[in-house]
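One structure is given here, and the rest of the page talks about it.
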């Protein structure tokens, strides 16, 4: 008797975390007798990639250890990645696109339900958001940050593509918030530009495009707002949507403040790197001149040691203007 292939998502509670941990259980097809005898199901541990700024939507599939011994599935691969958009597999560095890979890929495309995929997507973005918020600032890559030298606000998702947060429900529709901040180091402003993005309408149909999205300028310290959008007459007002966000996230103001500080810290690191590169270039070109030791002859030609002469001499006004 043949056993049909099946892909099932199971959720295990975690004692140290409020969010359950998903596992992917795969039952290969087969028969109870003969060369195609039924195989034992394979249970995969799932993990997101470790890059806070990575915008991929893939989940790593690895096989869990049982009693200290790594199980060896006979016909299903290890170390592959599942694309949550297409439900297709991507080979990992420790796997290859062979017959076993093709077999599992076909099972994922046909057996993974849309409901399970949506649940995995929600878990994935929650895990990525936690990764973003818990990674030390100095460990986050600053290469390729959006250019902020013109003074424009920078969106949190422009820096962290998987950092879309503040999902909420309004009148039976699902919404999210795109938050943008001033990232100039040292700026004390506390204004945030909030754009409200409809994800799913009342009928459960996902939104396919964003047009005339409601938006406003919000000060997360003074709580003052200013409408920025040309919204449709029959659409919700930005202020009503903001009230819905505040109801869903009572700590909204503090979270906005922390997200702005994160971005400002990254851009401060970027500016420091730029300044250090300039200093290194000037030193390499000999423009800054060699470093003068305290006991070296003073460059003014007095014949005294530098520490006894010009080291602590106040600069004149022309010298100060020349740097």
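Residue numbers (the working numbering): 19 to 341.
Every residue, glycine too, gets a C-beta built ideally from N, C-alpha and C.
Quantities reported herein were computed from a predicted structural model and do not represent experimental measurements.
Query raised in the report: Given 8 Å as the limit, is there contact between the region 310-325 and the region 211-222, that is, 3 or more CB pairs closer than that?
Result: With a cut-off of 8 Å on Cβ pairs, the region 310-325 is not in contact with the region 211-222, counting fewer than three such pairs.
Is residue 152 helix, strand or coil when you go by DSSP?
-> Of the three classes helix, strand and coil, the one that applies to residue 152 here is helix, per DSSP.
Discussion item. Tell me the rounded alpha-carbon separation between residue 323 and residue 330.
Written reply: Residue 323 and residue 330: Cα-Cα distance of roughly 12 Å.
(request) Leaving aside the five residues before and after residue 147 along the sequence, list all residues of the same chain whose C-beta is less than 8 Å from its C-beta, in chain order. (result) Non-local C-beta neighbours of residue 147 in its own chain, meaning closer than 8 Å and more than five positions away in sequence, comprise 180, 181, 183, ordered along the chain.
Residue 133 (DSSP reduced to helix, strand or coil): DSSP places residue 133 in the helix class (H, G or I) of the three-state scheme.
* **Contact under 7 Å by Cβ, residue 40 with residue 57** => Contact flag unset, no.
Looking only at DSSP bridge pairs, what is residue 181 linked to? The secondary-structure analysis by DSSP pairs residue 181 with nothing; it has no beta-bridge partner.
Answer with buried or exposed for residue 339, where buried requires no fewer than 16 other C-beta atoms within 10 angstroms of its C-beta. For residue 339, the predicted structure reports a pLDDT of 41, less than 50, and the residue's modelled location is therefore unreliable. The matter cannot be settled from this model.
Quiz item: Helix, strand or coil: how does DSSP classify residue 140 here?
Solution: Helix at residue 140.
Check: Span of the alpha helix (DSSP H) holding residue 263?
Finding: Per DSSP, the continuous alpha helix (DSSP H) segment holding residue 263 begins and ends at 256-266.
TODO: Pull up the CB-CB distance for residue 259 and residue 188, whole angstroms please, since I reckon it's below 8 Å.
DONE: By a beta-carbon distance limit of 8 Å, residue 259 contacts residue 188. Their separation comes to about 6 Å.
Excluding five sequence neighbours on each side, which residues of the same chain lie with their C-beta closer than 6 Å to the C-beta of residue 219? Counting only Cβ-Cβ distances below 6 Å, and skipping sequence neighbours, we find 191.
* Asked: Would you report the Cα separation of residue 24 and residue 131, rounded to the nearest angstrom?
  -> C-alpha of residue 24 to C-alpha of residue 131: approximately 10 Å in a straight line.
What are the uninterrupted segments assigned as beta strand (DSSP E) that are 3 or more residues long and contained completely in the region 175-249, given in chain order?
Within the region 175-249, the complete beta strand (DSSP E) runs of at least 3 residues are 183-188, 191-199, 209-218, 233-237, 243-245.
Open item on the list: Between the alpha carbons of residue 289 and residue 73, how many angstroms are there, rounded?
Closed with: Per the coordinates, the alpha-carbon of residue 289 lies some 24 Å from the alpha-carbon of residue 73.
Next on the checklist: Does residue 269 come out as helix, strand or coil in the three-state DSSP assignment?
Outcome noted: The three-state secondary structure of residue 269, taken from DSSP, is coil.
Which same chain residues, not among the five before or five after residue 256, have their C-beta less than 8 Å away from its C-beta? Same-chain partners within the cutoff: 212, 214, 232, 233, 234, 243, 245, 246, 247, 249.
Residues that DSSP places opposite residue 288 in a beta bridge | Answer is none; residue 288 lacks a bridge partner.
Is residue 102 helix, strand or coil when you go by DSSP? DSSP, read as helix, strand or coil, puts residue 102 in coil.
Tell whether a beta-carbon distance below 7 Å holds between residue 150 and residue 224.
At a Cβ-Cβ threshold of 7 Å, residue 150 and residue 224 do not count as neighbours.
Exercise. Express the C-alpha separation of residue 155 and residue 166 in angstroms, rounding to a whole number.
Key: Distance between the alpha carbons of residue 166 and residue 155 is about 18 Å.
Start and end residues, beta strand (DSSP E) containing residue 28: Note, residue 28: beta strand (DSSP E), 24-32.
Q) In angstroms, rounded to a whole number, what distance separates the CA positions of residue 185 and residue 109? A) So the alpha carbons of these two residues sit roughly 32 Å apart.
Fill in: Supposed contact pair residue 137 and residue 27 - C-beta distance, whole angstroms, cut 8 Å
Rounded, the Cβ-Cβ distance is 6 Å, consistent with contact.
CA nearest to the CA of residue 80, picked from 68, 42, 104, 103 = If we check each option's Cα against that of residue 80, 42 comes out closest.
Limits of the beta strand (DSSP E) - the one that residue 40 falls within = Start and end: 35-45.
How would you label residue 98, buried or exposed, when you count the other beta carbons within 10 angstroms and need 16 or more for buried? Here residue 98 is buried. Its C-beta has 16 or more other C-beta atoms within 10 Å.
Would you tell me roughly how many angstroms separate the C-alpha atoms of residue 230 and residue 107, rounded to the nearest one? So the alpha carbons of these two residues sit roughly 36 Å apart.
Rounded to a whole number of angstroms, what is the C-alpha to C-alpha distance between residue 117 and residue 286?
A direct Cα-to-Cα measurement between residue 117 and residue 286 gives close to 50 Å.
* Asked: So is residue 336 buried or exposed if we call it buried at 16+ other beta carbons inside 10 Å?
  -> Residue confidence is low: residue 336 scores 43 on pLDDT, short of 50, so the model does not pin down where it sits. Its coordinate-derived value is still stated next. With fewer than 16 other beta carbons inside 10 angstroms of its own, residue 336 counts as exposed.
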